[in-house]
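Chemist:
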Amino acid sequence: MIELTQQMRKFRPPRSPAPGEFVGRYQILRRLGHGGGGEVFEAVDPRTGDEVALKTLRPDWAADRRRVQEFLEEAYTASCVVHPGVVRMRAWGRGGACIPFLAMDLLRGDPLSVRMARARLSIREVVRVLDGVLDALEAVHAAGVLHRDIKPGNVILARRCSDRERVTLVDFGLALRARSGSPRESRVSGTPAYMAPERMRGHRGTPKSDLYAVGALAYEMLSGAPPYGHEPPEIFEALGRKLAPADAEQPVLSRWVARLLAPSAFLRPSSASPVRSSLRQLARSGEIIGLAPRPPIRVARPLALAGASV
Ligand SMILES: Nc1ncnc2c1ncn2[C@@H]1O[C@H](COP(=O)(O)OP(=O)(O)O)[C@@H](O)[C@H]1O
Ligand SMILES: [Mg+2]
Numbered sequence: 000m001i002e003l004t005q006q007m008r009k010f011r012p013p014r015s016p017a018p019g020e021f022v023g024r025y026q027i028l029r030r031l032g033h034g035g036g037g038e039v040f041e042a043v044d045p046r047t048g049d050e051v052a053l054k055t056l057r058p059d060w061a062a063d064r065r066r067v068q069e070f071l072e073e074a075y076t077a078s079c080v081v082h083p084g085v086v087r088m089r090a091w092g093r094g095g096a097c098i099p100f101l102a103m104d105l106l107r108g109d110p111l112s113v114r115m116a117r118a119r120l121s122i123r124e125v126v127r128v129l130d131g132v133l134d135a136l137e138a139v140h141a142a143g144v145l146h147r148d149i150k151p152g153n154v155i156l157a158r159r160c161s162d163r164e165r166v167t168l169v170d171f172g173l174a175l176r177a178r179s180g181s182p183r184e185s186r187v188s189g190t191p192a193y194m195a196p197e198r199m200r201g202h203r204g205t206p207k208s209d210l211y212a213v214g215a216l217a218y219e220m221l222s223g224a225p226p227y228g229h230e231p232p233e234i235f236e237a238l239g240r241k242l243a244p245a246d247a248e249q250p251v252l253s254r255w256v257a258r259l260l261a262p263s264a265f266l267r268p269s270s271a272s273p274v275r276s277s278l279r280q281l282a283r284s285g286e287i288i289g290l291a292p293r294p295p296i297r298v299a300r301p302l303a304l305a306g307a308s309v
């Protein structure tokens with residue numbers, strides 16, 4: 000009896016780590032964000048000084064083998080993609096109080112959701128974000144992975160090593176390796192505002208479904224809201240109805256967005272690469288208003304060389 004009480008005292012149910020505590024070799028510094036499945040912290044490995052973003056599973060799910068397996072699956076799937084626009088996983092396992100964790104590169108910046116809430120993006124920024132997301136998505140699909148949760152909270156705008164701000168995709172929590180499993184899902188998961196109609200109907204998705212989400216993201220950056228709003232009942236009701244252009248002042252860019260949002264996957268482009276090329280082409284052609292191509296730089300030829308044969 001005494002032994003049992005001592006055992007019970009030793010057992011502490013997993014709980015969220017607090018600043019200063021260790022999860023594996025990482026010491027928690029502060030909380031960066033949280034979602035339905037857990038929390039993300041800034042943490043450091045004191046032996047090396049390495050700073051990471053540390054994602055932990057919700058403590059009340061830590062004893063559920065299926066949830067733990069699904070949580071750690073994010074690290075395996077994300078690790079299939081090596082690209083500067085995709086967050087790099089560094090370590091994963093079970094840490095202090097047996098809480099499952101993933102350690103990844105720490106991105107110093109803001110999620111697109113925060114940036115959009117702060118101010119309307121300029122057209123140049125919209126194009127730059129779309130270009131970055133499509134570049135990363137091209138690598139994701141080339142690695143045989145579907146992201147399945149492209150949305151503003153999962154696109155981070157961060158500066159690395161003092162270079163220009165760039166787009167990084169995070170959150171491979173719903174990602175799948177494209178060729179594994181059945182095309183139907185028993186449990187539909189995702190964020191309705193950015194989910195392609197076929198995914199809402201229980202299809203696991205294809206690269207075209209990720210491209211639909213890019214279209215929804217573009218629509219939101221241009222108009223201030225995703226195509227059919229945020230609330231599931233409204234979305235289900237409106238899905239497939241003719242959409243207003245994302246930005247009445249940008250007819251060409253709005254048509255580009257509308258192709259990604261075609262309700263039928265058959266009418267959507269099938270891969271990120273030509274979509275990105277067409278965006279770049281529009282940007283160069285001057286058809287995107289406010290993005291006029293810069294005049295070519297005139298290089299003055301030195302007088303002495305003009306006309307001289309070399
Ligand atoms: N590598 C990272 N560096 C910095 N912040 C991050 C990183 N990964 C996630 N975050 C922050 O944590 C939030 C939630 O992370 P995410 O992986 O999307 O978890 P969830 O599955 O809970 O949505 C993000 O929106 C972002 O604010
Ligand atoms: Mg997320």
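Numbering that gives the first Met the number 0 numbers the first residue of the sequence shown as 0 and each following residue consecutively.
Glycine included, every Cβ here is placed at the ideal spot set by N, Cα and C.
1. Report yes if the C-beta distance between L133 and S272 is below 9 Å; otherwise report no.
2. Determine the burial state of S121: buried for a count of at least 16 other Cβ atoms within 10 Å of its Cβ, exposed for fewer.
3. Less than 9 Å separating the beta-carbons of E184 and H202?
4. How many Å lie between Q249 and L266 at the Cα?
5. Ordered along the chain, which non-local residues of its own chain (more than five positions away) have a Cβ less than 6 Å from that of P244?
6. Considering only the beta carbon of each residue, do P16 and C97 sit closer than 9 Å?
7. Using a threshold of 9 Å, state whether the C-beta atoms of M168 and A135 are closer than that.
8. Return yes when the Cβ of L71 is within less than 9 Å of the Cβ of L105, no when it is not.
9. Among E164, V125 and A74, which one has its Cα closest to the Cα of R279?
10. Examine ligand 1 and report whether any of its heavy atoms sits within less than 8 Å of the Cβ of V67.
11. Alpha carbons only, please: which of G131, A42 and G35 is nearest the one belonging to Q310?
12. If you compare alpha carbons, which of G131, I234, L259 and R29 is closest to A212?
13. In chain order, what are the residue ranges of uninterrupted alpha helix (DSSP H) at least 4 long that sit wholly in the region 12 to 81?
14. Which residues in the same chain as R163 place their Cβ atom closer than 6 Å to its Cβ, once the five residues preceding and following it in sequence are excluded?
15. Identify every residue that forms a DSSP beta bridge with M88.
16. Any chance the CB of H33 is under 8 Å from a heavy atom of ligand 3?
17. For H146, which residues in the same chain have their Cβ closer than 6 Å to its Cβ, ignoring the five residues on either side in sequence?
18. With distance defined between alpha-carbon atoms, name the residue in P99, P151 and V251 nearest to A62.
19. Using beta-carbon positions only, say whether A224 and V256 come within less than 9 Å of one another.
20. Where do the ends of the beta strand (DSSP E) carrying G108 lie?
21. Below 7 Å CB to CB, which residues in the same chain sit around M88 once its five sequence neighbours on both sides are set aside?
22. With V154 as the anchor, note down where its beta strand (DSSP E) starts and where it stops.
23. Give me the Cα-Cα distance between I234 and A118, rounded to the nearest whole angstrom.
24. Does the distance from the CB of V86 to the CB of A52 come in under 9 Å?
Modeler: In brief:
1. Stepping through the sequence shown from its first residue, residue 133 is reached at position 134. Stepping through the sequence shown from its first residue, residue 272 is reached at position 273. For L133 and S272, yes; Cβs fall inside 9 Å.
2. Position 122 of the sequence shown holds residue 121. Exposed is the call here.
3. Stepping through the sequence shown from its first residue, residue 184 is reached at position 185. Stepping through the sequence shown from its first residue, residue 202 is reached at position 203. Yes, the Cβ-Cβ distance between E184 and H202 is below 9 Å.
4. One-based indexing of the sequence shown puts residue 249 at position 250. One-based indexing of the sequence shown puts residue 266 at position 267. Cα to Cα, the separation comes out at about 22 Å.
5. Along the sequence shown, one-based indexing puts residue 244 at 245. S253, listed in sequence order.
6. Numbered from its first residue, the sequence shown carries residue 16 at position 17. Numbered from its first residue, the sequence shown carries residue 97 at position 98. For P16 and C97, no; Cβs fall outside 9 Å.
7. As a working mapping, residue 168 is identified with position 169 in the sequence shown. As a working mapping, residue 135 is identified with position 136 in the sequence shown. Correcting the residue type first, residue 168 is Leu in the shown sequence and not Met. Yes, Cβ-Cβ distance for L168 and A135 is below 9 Å.
8. Sequence index remark: in the sequence shown, residue 105 carries index 106 (1-based). Sequence index remark: in the sequence shown, residue 71 carries index 72 (1-based). Not in contact: L105 and L71 (Cβ atoms no closer than 9 Å).
9. Here residue 279 refers to the residue found at position 280 when the sequence shown is read from its first residue. Per the Cα distances, V125.
10. By one-based count along the sequence shown, residue 67 stands at place 68. It does not: the Cβ of V67 is nowhere closer than 8 Å to a heavy atom of ligand 1.
11. The chain is shown only over 0 to 309; residue 310 falls outside these bounds and no answer can be derived.
12. Position 213 of the sequence shown, counted from the first residue, corresponds to residue 212. It is L259.
13. 64 to 78
14. One-based indexing of the sequence shown puts residue 163 at position 164. If we look at R163 and ignore the five residues flanking it on each side, it has no Cβ neighbours.
15. To locate residue 88, count along the sequence shown from 1; it is residue 89. Per DSSP, M103.
16. No copy of ligand 3 occurs in the structure displayed; its ligands are ligand 1 and ligand 2 alone.
17. Residue numbering aside, residue 146 sits at position 147 when the sequence shown is read from its first letter. If we look at H146 and ignore the five residues flanking it on each side, its Cβ neighbours are V139, A174 and D209.
18. If you number the sequence shown from 1, residue 62 lands on position 63. It is P99 whose Cα lies nearest to the Cα of A62.
19. The count along the sequence shown starts at 1 and reaches residue 224 at position 225. The count along the sequence shown starts at 1 and reaches residue 256 at position 257. Not in contact: A224 and V256 (Cβ atoms no closer than 9 Å).
20. In the sequence shown, residue 108 corresponds to position 109, counting from 1. Looking at the DSSP string, the run of the beta strand (DSSP E) that includes G108 is G108 to P110.
21. Numbered from 1 along the sequence shown, position 89 holds the residue referred to as residue 88. Same-chain partners within the cutoff: A74, A77, S78, L101 and M103.
22. For the purposes of this step, residue 154 is taken as the residue at position 155 of the sequence shown. First-last of the beta strand (DSSP E) with V154: V154 to A157.
23. On the sequence shown, residue 234 is found 235 positions in, with the first residue counted as 1. On the sequence shown, residue 118 is found 119 positions in, with the first residue counted as 1. One C-alpha to the other measures close to 25 Å.
24. For the purposes of this step, residue 86 is taken as residue 87 along the sequence shown, with counting starting at 1. For the purposes of this step, residue 52 is taken as residue 53 along the sequence shown, with counting starting at 1. Yes, the Cβ-Cβ distance between V86 and A52 is below 9 Å.
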